[in-house]
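Only one structure is covered here, and it is reproduced in the block below.
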Amino acid sequence: MESRRKSESTNENGKVYLVGAGPGDLGLVTLRAKECIERANAIVYDHLTNPEILSWARDDAEIIYAGKEAGQHSLSQQEINALLIEKARAGKDVVRLKGGDPFVFGRGAEEARAIVDAGIEFEIVSGITSAIAGPAYAGIPMTHRAENSHITFFTGHEDPAKTESTIDYAALAKLGGTQVMLMGVKRLGSIAREMLEQGVRNDLPVALVRWATTGRQETLTGTLQNIAQRAVASGFEAPAVAVFGEVVALRETLNWYENRPLSGKRIVVTRTRKQASALSNKLRTLGAHVVELPTIRIEPPGDLRGFAQLVQDAHVYDWIVFTSANGVEAFFDVFFKLYDDAREIGGARIAAIGPATAQRVKDFHLHVDLQPEEFVAEAVVKEFQKQGGIENLRILLVRGENARDVLPKELSGLGAIVDKAFAYRTVPETRDPTGAGRQLTKEGADLITFTSSSTVENFLALGLPWPKGMQVASIGPITSKTARDHGLNIDIEARRHDIDGLVEAIGDFFAAGNARKQS
Ligand code: SAH
Numbered sequence: 224m225e226s227r228r229k230s231e232s233t234n235e236n237g238k239v240y241l242v243g244a245g246p247g248d249l250g251l252v253t254l255r256a257k258e259c260i261e262r263a264n265a266i267v268y269d270h271l272t273n274p275e276i277l278s279w280a281r282d283d284a285e286i287i288y289a290g291k292e293a294g295q296h297s298l299s300q301q302e303i304n305a306l307l308i309e310k311a312r313a314g315k316d317v318v319r320l321k322g323g324d325p326f327v328f329g330r331g332a333e334e335a336r337a338i339v340d341a342g343i344e345f346e347i348v349s350g351i352t353s354a355i356a357g358p359a360y361a362g363i364p365m366t367h368r369a370e371n372s373h374i375t376f377f378t379g380h381e382d383p384a385k386t387e388s389t390i391d392y393a394a395l396a397k398l399g400g401t402q403v404m405l406m407g408v409k410r411l412g413s414i415a416r417e418m419l420e421q422g423v424r425n426d427l428p429v430a431l432v433r434w435a436t437t438g439r440q441e442t443l444t445g446t447l448q449n450i451a452q453r454a455v456a457s458g459f460e461a462p463a464v465a466v467f468g469e470v471v472a473l474r475e476t477l478n479w480y481e482n483r484p485l486s487g488k489r490i491v492v493t494r495t496r497k498q499a500s501a502l503s504n505k506l507r508t509l510g511a512h513v514v515e516l517p518t519i520r521i522e523p524p525g526d527l528r529g530f531a532q533l534v535q536d537a538h539v540y541d542w543i544v545f546t547s548a549n550g551v552e553a554f555f556d557v558f559f560k561l562y563d564d565a566r567e568i569g570g571a572r573i574a575a576i577g578p579a580t581a582q583r584v585k586d587f588h589l590h591v592d593l594q595p596e597e598f599v600a601e602a603v604v605k606e607f608q609k610q611g612g613i614e615n616l617r618i619l620l621v622r623g624e625n626a627r628d629v630l631p632k633e634l635s636g637l638g639a640i641v642d643k644a645f646a647y648r649t650v651p652e653t654r655d656p657t658g659a660g661r662q663l664t665k666e667g668a669d670l671i672t673f674t675s676s677s678t679v680e681n682f683l684a685l686g687l688p689w690p691k692g693m694q695v696a697s698i699g700p701i702t703s704k705t706a707r708d709h710g711l712n713i714d715i716e717a718r719r720h721d722i723d724g725l726v727e728a729i730g731d732f733f734a735a736g737n738a739r740k741q742s
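Residue numbers (my numbering): 224 to 742.
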C-alpha cells in the first residue's frame, strides 16, 4: 500500500481540482482526471458524473454527492462552494468532478471564482464535453466541409434570475451552421418556435441525444417543426443535447454506437470492484449499460502470519497449486515482500486451475507447468496423473478461506502430502459508494451476471428487490447450482468458464432473441 500522501500544495491548505468527468463513457476521461481522482482525499460529484469513476478513488477518500438532479435533495451552489473551500482548508486535496468539461455550462466558473477568493490553489482539468461527444456518439459529426463552417453552443436554460432571454434567436437563425443546445429539453417547444419565427426552415434536421456515451444512450430525430412534439410524445427526458443542422442527416449512415449487439441492455456485474472492470469493459464494448454492484470484497486471510510462513517455505514443495487469480495475487504479494528474487520459489512446479488463474501466474513471468481447464476435482486429478502421479509429493494448495474441500481430499487420496495455504478471505461488500443498489432498484436491469457462488449468495444477502424480468447469467455449473439452490432460474450458462466465455454466452443469448419480454 502506498503511504498516506501529503497535500501537493505548498501551504497547509489542500488544492481544489475542477475536473471534467467527461460525458459518461469512462474511456473518455482524461489521464490527468484519472490521476487526480486516484490521489484525491475528497471527491465532490454531481449526478451527470458516471459514478463508476469513483471506483478509482482511494479507499479512504471522502466521497460527497452534490446532487443537482431535478427534484432530489442536493446542495445549493453556495453550499458546494463552501464545501470545497472547507475541505481544502482542512488540508485535503479536493477533486470537484463535473460532467463533461468543467467550464462548459456547468457553473465551474463560479466555483473557480469562489476558490480563488478564498485564497486556495486550484487546477482545471478539461474534459470532453457532452456538446461534442453527444452528437459524435449519435453518429453526427459537428462539421462537414459541404454543410457548415461554424458551430454554436448555447444553453436552453438560462439563469432564472435573468428577466429576459439573452439568446439572440434572430442572430442564431441568420448564422445557421451547426447549433448545439445543452439543457432545456423541457423548453424545446418554445425554443423551436422562436427559431421558426426568426425564419429558420421548418424541415431543418434536429436530433436529441440523451445519456450520450453511456449504455442508456437514446437518440430522437425530427425536424425543427416536429421535434418538440415528438419529444413529448415519447417521454424524452433530460439530460440531453440537441443538435440543429444539416449534419444531423449524416446519422443515417454514421450511427455506430447504438447498433452494437448489447445496445440498450442493462447488465449487472457483481464481482469485486477490483475485478469487475474486465467483465464490465467487455460488456460495454458490446454496447451494454453496466451496473457495477460489487457483492464481495477480497481481504487478507484471518491468519496472515501462517500464510506468510507457508509462502516463505514455498520452495520446499514439489507443486504449488493455484485455484484462483486472487490466490495468485495474494501469494506473490507476500512472496515479494519476503524475497526480492523470483528464483526463491526454487524447484516447485506450478499448477493453475482455469485460464484466468494461469494468466495471473504468467503475469509474474512464471511458467505454468500444469493447467487443467476446468475447476472440477476429477479434471485436476487426471492432469496430475498424466504428469506421472503425485504419490508422496508435497503440494502447497493456495486458496481462499471459504473454498470447498473436494480438491485437497482428492489429492491426498492419491498419496500426496497436501498443505492448504489460506491466501485470502471473501467477505460481503456492504459499501455502495456509487449508489448502484439504488440504481438497480429504481431502474431495473435485463440481466445479472454471477461469476462465483459467493457473488450469488452475497447478492441475495443484500436483500434488494428482484427487478422485474431480470434474467440470470452464470459462469459455470458450480455457480449455477448455488443459484438454483437459492431458487433462481439460470437463463445463461457459459460454456467456457471464464470471463470471455461468459461474455460470449451473453452475446449469443441476446443475438438469438432469448430475452424475456419485460412486461
Ligand atoms: N459541463 C457539461 C454540461 C453541464 S450542463 C458538459 O460539458 O457536458 C448540463 C447539460 O449537459 C445537460 O442538461 C445536458 O444538456 C448536457 N449533458 C451532460 N451530459 C450529458 C450526456 N451524457 N448526454 C446528454 N446530455 C448531456
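C-beta: ideal position from N, C-alpha, C; glycine also.
Sequence-distant residues of its chain with Cβ nearer than 7 Å to residue i (five each side left out)
| i | result |
| --- | --- |
| SER299 | none |
| ARG312 | ASN236 |
| HIS367 | VAL470, LEU473 |
| GLU552 | ARG583 |
| PRO688 | THR664 |
Check: residue i C-beta below 8 Å from any heavy atom of the ligand SAH
| i | result |
| --- | --- |
| HIS512 | no |
| SER353 | yes |
| MET406 | yes |
| LYS488 | no |
| THR437 | yes |
| LEU271 | yes |
| LYS605 | no |
| HIS588 | no |
| ARG433 | yes |
| GLY458 | no |
| PHE377 | no |
| PHE328 | yes |
| LYS505 | no |
| GLY362 | no |
| ASP391 | no |
| PRO274 | no |
| VAL464 | yes |
Sequence-distant residues of the same chain with beta carbon closer than 8 Å to residue i, five excluded per side
| i | result |
| --- | --- |
| ASP197 | Absent from the model: residue 197. The displayed extent of the chain is 224 to 742, so no value can be given. |
| GLU333 | GLN300, ASN304 |
| PRO364 | PRO358, VAL470, LEU473, LEU477 |
| VAL348 | TYR240, LEU241, VAL242, GLY243, THR253, ARG255, ALA256, CYS259, PRO325 |
| THR702 | PHE673, THR674, SER675, SER676, THR678, VAL679 |
| HIS709 | VAL679, GLU680, LEU683 |
| ALA393 | GLN421 |
| ASP564 | none |
| GLY612 | LEU637, GLY638 |
Beta-ladder partner(s) of residue i, from DSSP
| i | result |
| --- | --- |
| SER697 | PHE673, GLU716 |
| HIS512 | ARG489 |
| ALA430 | THR444, VAL466 |
| ILE347 | LEU241 |
| LEU405 | THR378, VAL464 |
| ARG520 | VAL650 |
| GLU285 | ALA265 |
| GLY290 | ASP269 |
Cβ neighbours of residue i in the same chain (closer than 6 Å, five flanking residues each side left out)
| i | result |
| --- | --- |
| VAL604 | GLU633 |
| GLU606 | LEU593, PRO595 |
| ALA501 | ILE722 |
| GLU652 | PRO517, THR518, ILE519, ARG520 |
| ILE245 | Here the sequence assigns Gly to residue 245, which means Ile is not the residue at that position. Result list for GLY245: LEU251, VAL252, GLY350, ILE351, in chain order. |
| ALA465 | MET404, LEU431 |
| GLY569 | HIS538 |
| PRO690 | GLY667, ALA668 |
| TRP434 | GLN440 |
| GLY329 | LYS321 |
Near the ligand SAM: residue i beta-carbon under 8 Å from a heavy atom
| i | result |
| --- | --- |
| GLN301 | The ligand SAM is not part of the structure shown, which contains the ligand SAH as its ligands. |
Does the segment 472 to 485 come close enough to the segment 402 to 418 to have 3 or more Cβ pairs within less than 8 Å?
No: fewer than three Cβ pairs fall under 8 Å.
The segment 357 to 369 touching the segment 473 to 487, judged by at least three CB pairs closer than 8 Å
yes
If you pair each beta-carbon of the segment 639 to 658 with each one of the segment 272 to 282, do three or more pairs fall below 8 Å?
These segments touch.
Which residue spans inside the segment 538 to 603 form an unbroken alpha helix (DSSP H) run of at least 4?
Complete alpha helix (DSSP H) runs here, min 4: 548 to 561, 578 to 586.
My parser needs the beta strand (DSSP E) runs of 3 or more residues fully inside the segment 227 to 275; what are they?
239 to 243, 265 to 269
My parser needs the beta strand (DSSP E) runs of 3 or more residues fully inside the segment 608 to 685; what are they?
Runs of the beta strand (DSSP E) inside the segment 608 to 685: 617 to 623, 640 to 651, 670 to 673.
With a cut-off of 8 Å, do at least 3 Cβ pairs link the segment 552 to 569 to the segment 524 to 537?
yes
At 3 residues or longer, and completely inside the segment 303 to 336: list those beta strand (DSSP E) runs for me, N to C.
Within the segment 303 to 336, the complete beta strand (DSSP E) runs of at least 3 residues are 317 to 321.
Inter-stretch contact at 8 Å, needing at least 3 Cβ pairs: the segment 659 to 673 / the segment 681 to 699:
Touching, yes, given that three or more Cβ pairs across the two stretches are closer than 8 Å.
Count Cβ pairs between the segment 402 to 409 and the segment 434 to 445 that sit closer than 8 Å; are there 3 or more?
no
Inspect the CB distances between the segment 639 to 651 and the segment 446 to 463 and report whether three or more fall short of 8 Å.
The answer is no - the segment 446 to 463 does not touch the segment 639 to 651, with fewer than three Cβ pairs under 8 Å.
Does the segment 260 to 268 come close enough to the segment 313 to 322 to have 3 or more Cβ pairs within less than 8 Å?
yes
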